[in-house]
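K.L.:
Top to bottom, those sequences are chains A and B.
Going by my numbering, the first residue of the first sequence is number 1, and it counts up by one from there.
Going by my numbering, the first residue of the second sequence is number 1001, and it counts up by one from there.
Before I ask anything, here is the structure I am working with.
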Amino acid sequence: MELIGQGLVQALRLLLSGDAEVWQVTWLSLGISATATLLSLAVGIPLGTLVALTRFPGRGFVVSLINTGMGLPPVVVGLFVTIVLWRNGLLGMLELLYTPSAMILAQLVIAAPVITGLTLAAIQQVPEKFRLQLLALGASRAQMVWTLLKEARLPMLAAVMAGFGAVISEVGASLMVGGNIKGSTRVLTTATVLETSKGNFDAAIALSLILLVLMFLVNWGLTWIQQGRRA
Amino acid sequence: MRLLLTVLALIGCAIPSWAQSSAVILSTTTSTQDSGLLDVLVPMFEKKTGMTVKTISVGTGQALALAARGEADVALVHAPSVERKYVEEGKMQNRRLVMYNDFVIIGPEDDPAKIKGMPKAVDALKRIAETQSRFVSRGDKSGTHVLELGLWKQAGVEPRGAWYIESGQGMGQTLGIANDRRAYTITDRATFLAFQKRISLPILVEKDKPLLNIYSVMEINPANGPRVNAAGGKAFADFMLAPETQAVIRTFGADKFGQALFVPIAGKTDADFQ
């Protein structure tokens, strides 16, 4: 207990004293995970909407795949992305391994199925009658989709929170594809692992608390958008 | 929503250097990183040469395997027997000794196997096995694990059974487990000193020659892969042996632990430590 208290004190000290390294690590965590979440939205919303609104053979199989993808183990994603990005790998010529871009890629693979799956569920829970009504009232297909997305706003924002939460808190993939390089790919979770293995438990606790506060602030902002607009 | 996107985009732009090419990839063991030595040496090297170093700190087994695949440019590791094998196979080249520290055997104060003060590490391990006293092994093909396995072999013991616990984790976590289970373990002195405050297992056996922990630097054969940065790798290897680097190694850690963590040995060979 005393240790957690020390960690709390140290967290405050690190943040308030403007410790450059801690701020850099915090910004990098936020930047990488926010970018990965945004890219996942770009992939997941259209894909989830498409699967939700179309009927095709094997659809049940595809939906099961997406739902399985929502629980992809980060360490498995990390391993495969690492192998693909190796110098001898499929995308080796890009020299992306051990860069923030590699971490964004891995986090994209983790978050995209989450966003796709939750979008799918969100769109599907809008009654089909509503859709038919829109079309009957003369809405174009694009207008119909847009209205549906607006209607599904609340669960969609929950999807954003789930996707962001999954990637910013993830450590296995980031460690493998990023390499935890100081000043370049060290993020809050990997720095926490490192400080723990160094025996600097108070620093590790401080970093954990910063991560929790960061997650809270981001979710607070998203919740504000989610609930505020509705009110 | 637009506000959110703008904020996120701004954050995205704030990330420096997406992909930096032609950096030197240093494949190394956890102890060089966890001890903080590389935090001092890498910036020195970068300042001197203008090159960027990407330090990938993993167990020695993985560090060498990565290097052998051409996924790194230079390796700084501590498992001489495995290193020599890679050199013989032509995967690594120009192996040079950099520094050493030593391993110690630690264990519970009441010392159920009665090994305290034994001069030979091998005899101590034999005694631990005979008394079936709990022992925590890294079990991860790290340099420490390779050394431990070598000692068991010399002792003629195949470690197996409920008393032999494999942690599969780094030295720090392994020390934690040993402390918790009141077990014996082998640790490098640097990590032991870093954790001394938190664990209550005293050093029981030390200063035996087989417990020397020798670090060497090796360059990667460019034939291992298409994109090996041979020049960068050689520059880093040369840097590790340069007199000013060796001088930094000689005093590193003295301020924090009351004793230096490593002894620089540029120019020495394996024969000097037989």
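Even glycine gets a Cβ: it sits at the ideal position worked out from N, Cα and C.
#1: Identify the contact partners of I210(A) in chain B, using a Cβ-Cβ distance below 9 Å as the criterion.
#2: Which of the three DSSP states is assigned to P1264(B) in this structure?
#3: At a CB-CB cut-off below 8 Å, which residues of chain C make contact with N219(A)?
#4: Can you check DSSP and say which residues form a bridge with E1219(B)?
#5: Would R1189(B) count as contacting chain A if we go by Cβ distances under 8 Å?
#6: Starting from V1058(B) and walking both ways along the alpha helix (DSSP H), at which residues does that stretch end?
#7: Would you please verify whether the beta carbon of I181(A) is less than 8 Å from any beta carbon of chain B?
#8: Along chain B, which residues have their Cβ under 8 Å away from the Cβ of W86(A)?
#9: Quick one: which chain A residues come within Cβ less than 7 Å of D1180(B)?
#10: Is V1024(B) helix, strand or coil when you go by DSSP?
#11: In chain B, which residues lie less than 7 Å from G92(A) when you measure between Cβ atoms?
#12: Kindly indicate the opening and closing residues of the alpha helix (DSSP H) around S40(A).
#13: Within the 8 Å Cβ cut-off, does K198(A) reach chain B?
#14: Cβ atoms of N1213(B) and D1140(B): under 8 Å apart, would you say?
#15: What separation, rounded to the nearest whole angstrom, lies between the Cα atoms of S1216(B) and T1032(B)?
#16: When you compare only the Cα positions, how much space is there between F1252(B) and G1070(B)?
#17: What is the rounded straight-line gap between the Cα of N180(A) and the Cα of V160(A)?
#18: Which same chain residues end up closer than 6 Å to I32(A) when comparing Cβ atoms and leaving out the 5 residues on each side of it in sequence?
#19: Using three-state DSSP, classify L1105(B) as helix, strand or coil.
#20: Please list, in chain order, all residues of the same chain as S1021(B) whose beta carbon is under 7 Å from its beta carbon, the five residues on each side excluded.
#21: Quick one: residues in its chain with C-beta nearer than 6 Å to the C-beta of L1004(B), no 5 flanking neighbours on either side, listed in chain order?
#22: Comparing alpha-carbon positions, which option in Q1169(B), N1221(B), P1159(B) and L1193(B) lies nearest E1089(B)?
#23: Report the CB separation of A1063(B) from S1027(B) in whole angstroms; it is logged as a contact under 8 Å.
#24: Can you check the region 1131 to 1184 of chain B for any beta strand (DSSP E) of at least 3 residues that lies completely inside it and give the ranges in chain order?
#25: Checking 8 Å against the spacing of the C-beta atoms, do V218(A) and F130(A) come in under that value?
#26: Taking buried to mean at least 16 other C-beta atoms within 10 Å of its own C-beta, is S1057(B) buried or exposed?
#27: Could you have a look at V171(A) and say whether DSSP puts it in helix, strand or coil?
#28: Quick check on DSSP: helix, strand or coil for D1208(B)?
#29: Please list the partners that F1195(B) has in chain A, where partner means a Cβ-to-Cβ separation under 8 Å.
#30: I want to verify the contact list: residues of chain A whose CB lies under 8 Å from the CB of R1198(B), in sequence order.
#31: If you draw a straight line from the alpha carbon of V1053(B) to that of V1077(B), how long is it in whole angstroms?
#32: Helix, strand or coil: how does DSSP classify D1188(B) here?
#33: For A142(A), report the span of its alpha helix (DSSP H) as first-last.
#34: Less than 8 Å separating the beta-carbons of R1189(B) and V1104(B)?
#35: Indicate the three-state DSSP secondary structure (helix, strand or coil) for I1214(B) in the structure shown.
P.N.:
Let me spell this out:
#1: Counting from 1 along the first sequence, the entry for residue 210(A) is found at position 210. Result: empty, since nearest Cβ-Cβ is about 16 Å, beyond 9 Å.
#2: Indexing the second sequence from 1 puts residue 1264(B) at position 264. Strand.
#3: The structure shown contains no chain C; its protein chains are A and B.
#4: By 1-based counting over the second sequence, the position of residue 1219(B) is 219. Per DSSP, the beta bridge partners of E1219(B) are V1074(B) and Q1093(B).
#5: Looking up residue 1189(B) in the second sequence gives position 189. No, no contact with chain A.
#6: Here residue 1058(B) refers to the residue found at position 58 when the second sequence is read from its first residue. No alpha helix (DSSP H) contains V1058(B), which DSSP labels as neither H nor E.
#7: Locating residue 181(A) in the first sequence gives position 181, where the first residue counts as 1. Answer yes: the Cβ-Cβ gap between I181(A) and chain B drops below 8 Å somewhere.
#8: Looking up residue 86(A) in the first sequence gives position 86. Result: R1069 and E1071.
#9: The residue given as residue 1180(B) occupies position 180 in the second sequence. Result: empty, since nearest Cβ-Cβ is about 14 Å, beyond 7 Å.
#10: Taking the first residue of the second sequence as position 1, residue 1024(B) is located at position 24. When secondary structure is reduced to three states using DSSP, V1024(B) falls in the strand class.
#11: For this step, residue 92(A) is matched to residue 92 along the first sequence. Simply R1227.
#12: As a position in the first sequence, residue 40(A) is number 40, starting the count at 1. Per DSSP, S40(A) belongs to the alpha helix (DSSP H) from A20 to L53.
#13: By 1-based counting over the first sequence, the position of residue 198(A) is 198. It does: the Cβ of K198(A) has a partner Cβ on chain B nearer than 8 Å.
#14: Within the second sequence, numbered from 1, the residue matching residue 1140(B) stands at position 140. Within the second sequence, numbered from 1, the residue matching residue 1213(B) stands at position 213. The answer is no: Cβ separation not under 8 Å.
#15: In the second sequence, residue 1216(B) corresponds to position 216, counting from 1. In the second sequence, residue 1032(B) corresponds to position 32, counting from 1. C-alpha of S1216(B) to C-alpha of T1032(B): approximately 12 Å in a straight line.
#16: What you label residue 1252(B) is simply residue 252 of the second sequence in a count that begins at 1. What you label residue 1070(B) is simply residue 70 of the second sequence in a count that begins at 1. Roughly 31 Å separates the two Cα atoms.
#17: What you label residue 180(A) is simply residue 180 of the first sequence in a count that begins at 1. What you label residue 160(A) is simply residue 160 of the first sequence in a count that begins at 1. N180(A) and V160(A): Cα-Cα distance of roughly 26 Å.
#18: Along the first sequence, read from residue 1 onward, the residue named residue 32(A) stands at position 32. The residues P100, M103 and I104, in chain order, have a CB closer than 6 Å to that of I32(A) in the same chain once the five nearest residues on each side in sequence are set aside.
#19: Stepping through the second sequence from its first residue, residue 1105(B) is reached at position 105. As written in the sequence, residue 1105(B) is Ile, which differs from the Leu given in the question. Here DSSP, grouped into helix, strand and coil, assigns I1105(B) to strand.
#20: Start at 1 with the first residue of the second sequence, and residue 1021(B) comes out as number 21. The predicted position of S1021(B) is uncertain, since its pLDDT is 46 and thus under 50; a value taken from the coordinates is nonetheless stated next. Here the set comprises nothing.
#21: Here residue 1004(B) refers to the residue found at position 4 when the second sequence is read from its first residue. The predicted model places L1004(B) with a pLDDT of 49, which falls under 50 and marks its position as unreliable; any figure quoted below should be read in that light. Short of 6 Å from the beta carbon of L1004(B), and not among the five residues preceding or following it, lies no beta carbon of its own chain.
#22: The count along the second sequence starts at 1 and reaches residue 1089(B) at position 89. Nearest option by C-alpha distance: N1221(B).
#23: Stepping through the second sequence from its first residue, residue 1063(B) is reached at position 63. Stepping through the second sequence from its first residue, residue 1027(B) is reached at position 27. In this structure A1063(B) touches S1027(B) by the C-beta definition: roughly 4 Å separates them, less than 8 Å.
#24: 1135 to 1137 and 1164 to 1166, all fully within the region 1131 to 1184 of chain B.
#25: Against the first sequence, residue 218(A) aligns to sequence position 218. Against the first sequence, residue 130(A) aligns to sequence position 130. No.
#26: Locating residue 1057(B) in the second sequence gives position 57, counting from the first residue. Under this definition S1057(B) is a buried residue.
#27: For the purposes of this step, residue 171(A) is taken as residue 171 along the first sequence, with counting starting at 1. Three-state result, V171(A): coil.
#28: Stepping through the second sequence from its first residue, residue 1208(B) is reached at position 208. In this structure, D1208(B) counts as coil in the three-state DSSP scheme.
#29: Indexing the second sequence from 1 puts residue 1195(B) at position 195. In chain order: G199.
#30: As a working mapping, residue 1198(B) is identified with position 198 in the second sequence. Listed by position along chain A, the residues whose Cβ is nearer than 8 Å to that of R1198(B) are G199 and F201.
#31: Against the second sequence, residue 1053(B) aligns to sequence position 53. Against the second sequence, residue 1077(B) aligns to sequence position 77. Linking V1053(B) to V1077(B) through their CA atoms gives a straight-line distance of about 16 Å.
#32: Within the second sequence, numbered from 1, the residue matching residue 1188(B) stands at position 188. The answer is strand: DSSP assigns D1188(B) an E or B state.
#33: The residue given as residue 142(A) occupies position 142 in the first sequence. For A142(A), the enclosing alpha helix (DSSP H) starts and ends at R141 to E151.
#34: Taking the second sequence and counting its residues from 1, one reaches residue 1189(B) at position 189. Taking the second sequence and counting its residues from 1, one reaches residue 1104(B) at position 104. Yes, Cβ-Cβ distance for R1189(B) and V1104(B) is below 8 Å.
#35: As a working mapping, residue 1214(B) is identified with position 214 in the second sequence. In this structure, I1214(B) counts as strand in the three-state DSSP scheme.
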